Amino acid sequence: MSKNKAGRIVSKLKKRIAESEEINHSLTKIVKGAGIVFLGMIIGKAIGYFYTILVARLGAEQFGLLNLGFSIVSLVVTLSLLGLDNGVLRYIAYYQGKKDKPRVKGTIISALKICLPLSIFLALIVFSFSPQIATFFFHNTQLIPILRIFAFMVPFAAIGTIFLSCFRGFQRVDYQVGLSEITEKATRLLATLLLIYLGFGVIGASYAYLVSAVLICIIGFFLLEKRVFPLFKTKIKARYYTKELVHYSIPLLLTSVLVFVIVWVDTLMLGYFRTAAEVGIYSAAHSTAALMFILPTALISLFLPIITDFYSKKKHEKVKKLYKTVSRWIFLVNFPVFLILFFFSKQIIPILFGGGYTSSVIPLAILSAGYLLYSMSYTSSNILSMAKKTKIVFVTTCIFAGSNILLNLILVPLYGVIGAATATSTSFVIGFIFFTFLGYKKVKTYPFDKSFLNVFLVGLMAIVVAYYITKVGFFPTNIFILLLMGLLFVLVYIGLLFLFNGFKKEDFEILRLMLNKFKISVHLENQ
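To convert, note that position 249 of the sequence shown is 260 in my numbering; the numbers rise steadily by one, no gaps.
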């Protein structure tokens, strides 16, 4: 072999090793960067879900009324923000990168000056017209006091959202997650526990929302002023580019409204066409199925910046590999969760929510299938955003939201909670198909590979084992046995993944990193 040929081979090997190391380094960054978000979301979702179970015990109708009130106030807060939460995030990061503090200050103050009066105005409208909203749209006068309490929440929730966006713009995700996922939800839970104990029922739960929103707004202001970027205790003179900020933000308002439609239209239509009790029954199933969206949100928080960096450098093979890897992680975790929710919904619902929610069983099974596919489309939609295909994302989101509205209009009046679950899950399937296909058109690869089949088969084997365990008498009758069965299922699932090569080399690198972060020294080998 000539020296030149040997040199070329060595050079290629070095290049491959360097590329592999770069990808592994990027995967490591995904875990580290998503760590705070993921941990915060796990804690926050656990607190939030416990809160859901607590309030649901007030009865399906009371639980439904609370969810209707919150869905209405969520829309009002979205409108009062005018997309400025997204604008603040973008311009703070942009001007902070240029070390232009006057414009950073001007961006924040401009957003507050617009948002505060508008949110107060909309809150007054909700408060004044709460009887008409409650009776005309939802045919239930018990909703009136809940809406009036929530109306007071609107300005605090809107300004609090601006502060949270500021923290993201300054890359203080610890403050943002700590406030929105832990402090707010923990405050709401504790306040609800106290007020329900004192006998205030659903009205007490409504006040708990108000208390948590006020607290987040106050803490957010003091953290911003004292720890991040002082607005008042500084001699920096603000430079205002309000028109530019508004022009950027207003189009994003429509996107925010579309997201609201995707999340809440089923609840609102159930309230309009059916009853508050059916809203409560549906909310129990929906909040449980929505737990499957934790992992995609956490991983994408760092996945997008890394893949954007690779895309800008035209490193398309790395983009494809990261795209597939993150998609596989999502499927690796969410598929067994789907199997548990789908096959054991009949046991899960009564244990967690009580006998009054048995009608939530079928909707939970349907929604879990929809959320599995929806979680898989999340990487594809972000791939398109990364490639600056925002028009495609917007049009696809319009189709997604439009199909959700149309299907709910058709199915909810006829089939109630099952119709709402079917409509929402079908729209999720439509979104999954569109985003996956368009993602393929952009990066020339699907997020799936042969390893998905291994995970799929292993999941089926694990659920068969769990099924036969219940047949021999180990049947979940309370929360402790349910948790024990869940743990057993996870252990069987992981064991089968090892046995049938369900893991890849990069999975062990990530697992080793996570164990090292907790000072656990374990030798892992890819077999």
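All C-beta atoms, glycine included, are put in the ideal place defined by N, C-alpha and C. Nothing here was measured: the structure is a model prediction, and the numbers come from that model.
Rounded straight-line distance, which links the Cα of I261 to that of L449: 26 Å
Quick check: is the beta carbon of F161 nearer than 9 Å to any beta carbon in chain C? Any reference to chain C falls outside this structure, which holds one protein chain only.
Beta-carbon proximity check, V99 vs C177, cutoff 9 Å: yes
I need the straight-line Cα distance from G210 to V88, nearest angstrom please. 29 Å
When E192, G108, S139 are compared against Q182, the one with the closest alpha-carbon: G108
With a threshold of 16 other CB atoms inside 10 Å of the CB of Y385, please say whether the residue is buried or exposed. buried
Quick one, which of E289, A296, L65 has its alpha-carbon nearest I207's? L65
Buried or exposed: where does F349 fall if 16 or more other Cβ atoms within 10 Å of its Cβ makes it buried? buried
Which two residues bound the contiguous alpha helix (DSSP H) that contains T369? Taken as a continuous stretch (DSSP letters only), T369 belongs to no alpha helix (DSSP H), as it is neither H nor E.
Short Cβ contact (9 Å threshold) for G430 with N419: yes
Simplified DSSP state of R114, which is helix, strand or coil: helix
Cβ neighbours of G513 in the same chain (closer than 8 Å, five flanking residues each side left out): L343, S462, N465, V466, V469, L507
Taking G367 as the reference, which of S294, F411, L256, F354 has the closest Cα? S294
Excluding the 5 residues flanking A288 on each side, which residues of the same chain have their C-beta closer than 7 Å to its C-beta? A71, E72, G75
What separation, rounded to the nearest whole angstrom, lies between the Cα atoms of I10 and E255? What is shown of the chain runs 12 to 538, which leaves residue 10 out entirely.
Presumed contact (8 Å Cβ cut-off) between I229 and P156, rounded CB distance: At roughly 25 Å, the Cβ-Cβ gap does not stay under 8 Å, so I229 and P156 are not in contact.
Any idea what DSSP makes of A473, helix, strand or coil? helix
Can you find the residues in the same chain that come closer than 7 Å, C-beta to C-beta, to L190, ignoring five residues on each side of it along the sequence? L175, I227, I230, G231
Using the Cα positions of A134 and P128, report the straight-line distance between them to the nearest angstrom. 10 Å
Are I351 and A477 touching if we call contact CB-CB under 9 Å? yes
Start and end residues, alpha helix (DSSP H) containing Q153: First-last for Q153: undefined, no H or E at that position.
Cβ neighbours of T172 in the same chain (closer than 8 Å, five flanking residues each side left out): V88, L92, D96
With a Cβ-Cβ cutoff of 9 Å, do F446 and S392 count as a contact? yes
Three-state secondary structure assigned by DSSP to I58: helix
Selected residue, minimal CA-CA separation from I377, among S388, K357, F364: K357
Among N415, I341, F163, T401, nearest to M387 - alpha-carbon criterion: I341
Going by other Cβ atoms of all chains shown within 10 Å of its Cβ, with 16 needed for buried, is E328 buried or exposed? exposed
Would A432 pass as a contact of V276 if the rule is Cβ separation under 9 Å? no
With contact counted as at least three CB pairs below 8 Å, one residue from each stretch, are the stretch 159-169 and the stretch 185-200 in contact? no
Would you identify the three-state DSSP class for A219, choosing helix, strand or coil? helix
Could you give the C-beta distance for K332 and K400, rounded to a whole number, given that I count them as a contact under 8 Å? Contact doesn't hold; Cβ gap of about 20 Å is too wide.
Please go through the same chain and pick out, in chain order, the residues whose beta-carbon is closer than 7 Å to the beta-carbon of R68, but skip the five residues on each side of it. G365
Give the list of continuous alpha helix (DSSP H) stretches no shorter than 4 residues that lie fully inside the stretch 67-92. 71-92
Helix, strand or coil: how does DSSP classify N489 here? coil
As assigned by DSSP and simplified to three states, the class of N512: coil
Skipping 5 residues on each side, what residues in its chain have a beta carbon closer than 8 Å to that of K25? Note that K25 scores 47 on pLDDT, short of 50, meaning its location in the model is unreliable; the coordinates nonetheless yield the value given after this. So the list is empty, once near-sequence residues are dropped.
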